[in-house]
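Novice: Take this structure first; my questions come after.
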Amino acid sequence: MAAEAPDLRPGRTVVEVRGLVKEYDGGIGRRARGRGGVRAIDGVDLVTEEGEYLVLLGPSGCGKTTLLRTIAGLEQPTAGDVLINGQVVTGLPPRARKIAMVFQSYALYPHKTVLANIVFPLRAAGMARPERERKARWAAELLGIEHLLGRKPRALSGGERQRVALARALVREPDVFLLDEPLSNLDAKLRASARDELKRFQQDVGTTTIYVTHDQVEAMGLGDRIAVLSAGKVRQVGKPMEVYDDPADTFVATFIGSPPMNLVPRDDQLVGFRPEHLLPESAFAASVDREKVPLAVDRIEYLSGDRHIYGTVTGIGKPTRVVSRLPATVDTPVTAGETYDFAVARDRLRFFSAETGLRI
Amino acid sequence: MSAVREAEVARTPVRLPAARRRFADREGTLAWLFLMPSVVYILVLVGVPFVLAIGFALSDVTAGDPSYDYVGLRNFRRIFDDPVFWRSLGNTFIFTGVSMVLIVVLGKVLANIMIANFKGKWIVRFLVLLPWTTPVTLSSIAWLWMLDSIYSPIDWVLRQVGLLGKPGDLLGSGSNMYWLGEPGLAMASVITVHVWRLTPLAAVIMMAGLMAIPRDLEEAARVDGAGYWRRMFEVTIPLVLPVAAVAALFGTIFTFTDMAVVDVLTNGGPNNATQVLTSWAFFRGIDGGDVGQGAAIALFLFPILLAAAIAILRAVRRMEVG
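These protein sequence lines map, in sequence, to chains W and E.
The numbering used here applies: residue 1 is where the first sequence begins, and numbers increase by one.
The numbering used here applies: residue 361 is where the second sequence begins, and numbers increase by one.
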């Protein structure tokens, strides 16, 4: 993991947001009923590092897209500032920010050819024709779409459209790429290859990228760091492994991971452990310090090699329904209706406050 | 597996009674039934008059002598020899052409205003639509007063701001402009009233077209660094072009076939300066009683309108496919 991470140069921040708040007034009806506005972003502080791939992850309606649009300048914040390359750009229009954005729909101009789409930002910048043609060809070559330059967007597949949108973003040589769920319009099979392509593209050009998604698989796979958002607030920022292994609160713990982290109430705490760490006693080496838990199994699912075992644990705290994920390498026989001795390694247990949900 | 198969094959499927199929399920019959009113409407109110017009155009029917005598193309030869006909034809093209350009441009501008987000938007929409909802004769009469030769409030305003009435003023030393009395001004006045009346319709059609453009495209253009005019001319206008073409088609046909504004404001005058084909056909055929000639003049509109409709619909289809 650490070996793969690109060369990050901390100290030079590209995008920074400080105390960002975005409130929508919610229309006449809402004002009339005496309610205030809706806070889509509720005091967000975030810093990217140069060349970093930062993923904004959260459920729909958490404010991640609004945050991205505010960075782009398509929305103006109610309070707080956006800084790009150390300069406050709050209030400036998008074109003055040296950013490029790829939309969920790709937003290619349907009446223009691929070439005309790619040179559009350059023409807007007043670049001379030979120069912009050269640049468009360079971008097209980098993305392998030279043979498509004469076509109209409607004649392209989803993956090709993504590449055209990336080329259009790339030619401007922006300080930061902003990507808004660019994979959600693709079918499942194409999505995996397009994700791989996005990652390699970003590593090739080395431009700081902020990527919005609600899909944790995309987030874990693409991000150098992940910022988990919920209800307009950043819950945790960290490397994918940190966010997964050391969630800052119960929201992060249950939003990330499939199936999510098990949470068992004990006194005024919640004890959390990942399904793959709840294993039969016999699967542990004798030296591992572990907490024994009897598991009354009621259902077993067999999913691509793994067994998902649903049952009720006792012994940790209140009896709670949990999930255990047994990898194919654990072949202990388990049947529904029986109770087995399971265990969790003690260093895998995470403790949260039952009241606030925060990590203790 | 095979046992199940045999059991299924052995059982004859039971046919449910036809009564289960309600009247509303019979789509073939329903289609005919629902189409019938419009088919009848078109046949009776469009087809019959059209055939009748062709018949009259080839006859010597007049208001005084309604008996039908076939005279071949005599009516057409006569109208071609009449300089007023040619003048009307020319006026029709000027009237339609200038009106259409203004209507499409102003319609686009109004549509942009109507989709913008601001307080009191509903009252602007309401005001914009007002000219379209007012009956044309009523609004034309109001305009008739606005353009009155002596009491025109427009002239009054011009006099007050010092553009008219004293020697050396920009618009002349006369006390009035005589909007409907000077040939050039009369045409300009007729066009102005017509544009005023049809622009709301064009604006509403274009508003629908503008709202159908995904917001992403506009935002992508903003991020790409395009300013207002570049976004307007390179993104918005090309994308509303098919809709604008439909608006232009409607407008052309309305303008070409309209005589209410001309009839109320100028009656074709002064000296036929604002005479258009429709008003001329009306004067000859109805006022003048020469039904055959009136029908022949009116028929002259048909090939022109047909060609315009085909041309515009083709352009729209090419844009959709391209």
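Backbone N, C-alpha and C define an ideal beta-carbon position, used for all residues, glycine too.
Just so you know, these numbers come straight off a predicted model, no measurement behind them.
Answer with buried or exposed for E:THR634, where buried requires no fewer than 16 other C-beta atoms within 10 angstroms of its C-beta.
Specialist: Buried: at least 16 other Cβ atoms inside 10 Å.
Novice: Confirm, please, whether the CB-CB distance from W:PHE103 to W:ASP45 is below 8 Å.
Specialist: Cβ atoms of W:ASP45 and W:PHE103: not closer than 8 Å.
Novice: Let me know the beta strand (DSSP E) ranges lying completely inside the region 211 to 270 of chain W, each 3 residues or longer, listed in chain order.
Specialist: You should have 225 to 230, 233 to 238 and 262 to 266.
Novice: Is any beta-carbon of chain E found at less than 8 Å from that of W:TYR109?
Specialist: It does; some Cβ of chain E falls within 8 Å.
Novice: Taking W:ALA96 as the reference, give the member of W:GLY73, W:ASP224 and W:SER282 with the closest Cα.
Specialist: Per the Cα distances, W:GLY73.
Novice: In chain order, what residues of the region 115 to 143 of chain W put their CB closer than 7 Å to some CB of chain E?
Specialist: Flagged, chain order: PHE120, PRO121, ALA124 and ALA125.
Novice: Can you tell me whether W:ALA79 is helix, strand or coil according to DSSP?
Specialist: Reduced to three states, the DSSP call for W:ALA79 is strand.
Novice: Does E:VAL676 come within less than 8 Å of chain W when only Cβ atoms are used?
Specialist: Cβ-Cβ to chain W under 8 Å: no for E:VAL676.
Novice: Alpha carbon to alpha carbon, how far is W:LYS199 from W:ALA2? Give it in angstroms, no decimals.
Specialist: Bear in mind that the predicted position of W:ALA2 carries a pLDDT of just 40, short of 50, making it unreliable; the figure below should be weighed with that in mind. C-alpha separation (whole angstroms): 16 Å.
Novice: Taking the C-alpha atoms as reference points, what is the distance between W:MET241 and W:GLY159?
Specialist: Cα to Cα, W:MET241 sits roughly 29 Å from W:GLY159.
Novice: Which residues share a DSSP beta bridge with W:GLN87?
Specialist: Its beta-bridge partners are W:ILE84.
Novice: Report the three-state DSSP secondary structure of W:VAL55 (helix, strand or coil).
Specialist: In this structure, W:VAL55 counts as strand in the three-state DSSP scheme.
Novice: Are the C-beta atoms of E:MET361 and some chain W residue less than 8 Å apart?
Specialist: Residue confidence is low: E:MET361 scores 47 on pLDDT, short of 50, so the model does not pin down where it sits. No coordinate-derived value is stated.
Novice: Report the neighbours of W:ILE41 on chain E: residues whose CB is nearer than 8 Å to its CB, in chain order.
Specialist: By Cβ distance, chain E contributes nothing, its closest Cβ being about 18 Å from W:ILE41, past 8 Å.
Novice: Report yes or no: is there a C-beta of chain E within less than 8 Å of the C-beta of W:PRO94?
Specialist: So yes, W:PRO94 belongs to the interface.
Novice: Quick one: give me the first and last residue of the beta strand (DSSP E) that W:PRO294 is part of.
Specialist: First-last of the beta strand (DSSP E) with W:PRO294: 290 to 303.
Novice: Buried or exposed: W:SER230, going by 16 or more other Cβ atoms within 10 Å of its Cβ?
Specialist: Buried is the call here.
Novice: Tell me which residues share the same chain as E:LEU673 and place their Cβ nearer than 6 Å to its Cβ, disregarding the 5 neighbours each side in the sequence.
Specialist: Answer for E:LEU673: no residue qualifies.
Novice: Can you say whether W:SER304 is buried or exposed, counting buried as having 16 or more other CB atoms within 10 angstroms of its CB?
Specialist: The residue in question, W:SER304, is exposed, as its Cβ has fewer than 16 Cβ neighbours within 10 Å.
Novice: What are the start and end residues of each continuous alpha helix (DSSP H) run of 4 or more residues lying completely inside the region 568 to 599 of chain E, in chain order?
Specialist: With a minimum length of 4 residues, the continuous alpha helix (DSSP H) runs that stay inside the region 568 to 599 of chain E are 575 to 583 and 588 to 591.
Novice: Straight-line CA distance for W:LEU8 to W:VAL38?
Specialist: Note that W:LEU8 has pLDDT 44, beneath the 50 cutoff, so the model's placement of it is unreliable and the number below is only indicative. Straight-line Cα distance between these residues: approximately 36 Å.
Novice: Any contact between the region 289 to 298 of chain W and the region 344 to 352 of chain W? By contact I mean 3 or more CB pairs, one from each, below 8 Å.
Specialist: Yes: at least three Cβ pairs fall under 8 Å.
Novice: Would you call W:ALA286 buried or exposed, if buried means 16 or more other Cβ atoms sit within 10 Å of its Cβ?
Specialist: By the 10 Å Cβ count, W:ALA286 comes out exposed.
Novice: Buried or exposed for W:GLU131, please, with buried defined as at least 16 other CB atoms from any protein chain shown within 10 angstroms of its CB.
Specialist: Exposed, because fewer than 16 other Cβ atoms sit within 10 Å of the Cβ of W:GLU131.
Novice: Would W:ALA167 pass as an interface residue toward chain E - the criterion being a Cβ-Cβ separation below 8 Å?
Specialist: Closer than 8 Å: no.
Novice: Going straight from the alpha carbon of W:ILE360 to that of W:ALA125, what length do you get?
Specialist: So the alpha carbons of these two residues sit roughly 52 Å apart.
Novice: Using the rule of at least 16 other Cβ atoms within 10 Å of the residue's Cβ for burial, across every protein chain shown, is W:GLU355 buried or exposed?
Specialist: Exposed, since its Cβ has fewer than 16 Cβ neighbours within 10 Å.
Novice: So what's W:GLU338 in DSSP terms, helix, strand or just coil?
Specialist: In the structure shown, W:GLU338 sits in coil (DSSP, three-state: anything other than H, G, I, E or B).
Novice: Of the residues that make up the region 598 to 619 of chain E, which ones have a beta carbon closer than 7 Å to any beta carbon in chain W?
Specialist: Taking 7 Å as the Cβ-Cβ cut-off against chain W, the residues of the region 598 to 619 of chain E that qualify are PRO598 and LEU599.
Novice: Is the beta carbon of W:VAL55 sitting closer than 8 Å to the one on W:ALA219?
Specialist: It is a contact, given that the beta carbons lie within the stated cut-off.
Novice: What is the DSSP secondary structure of W:THR65, reduced to helix, strand or coil?
Specialist: Note: W:THR65 maps to helix in three-state DSSP.
Novice: Tell me the residue span of the alpha helix (DSSP H) that contains E:ASP515.
Specialist: Note, E:ASP515: alpha helix (DSSP H), 513 to 520.
Novice: Using C-beta distances below 6 Å, list every residue in its chain close to W:GLU276, excluding the 5 sequence neighbours before and after it, in chain order.
Specialist: Contacts found: ARG325.
Novice: Would E:VAL484 pass as an interface residue toward chain W - the criterion being a Cβ-Cβ separation below 8 Å?
Specialist: Judged by the 8 Å Cβ criterion, E:VAL484 is not in contact with chain W.
Novice: When burial is assigned at 16 or more other CB atoms within 10 Å of the CB, is E:ASN631 buried or exposed?
Specialist: Exposed is the call here.
Novice: Distance check for W:PRO260 and E:VAL600, CA to CA, integer angstroms please.
Specialist: One C-alpha to the other measures close to 48 Å.
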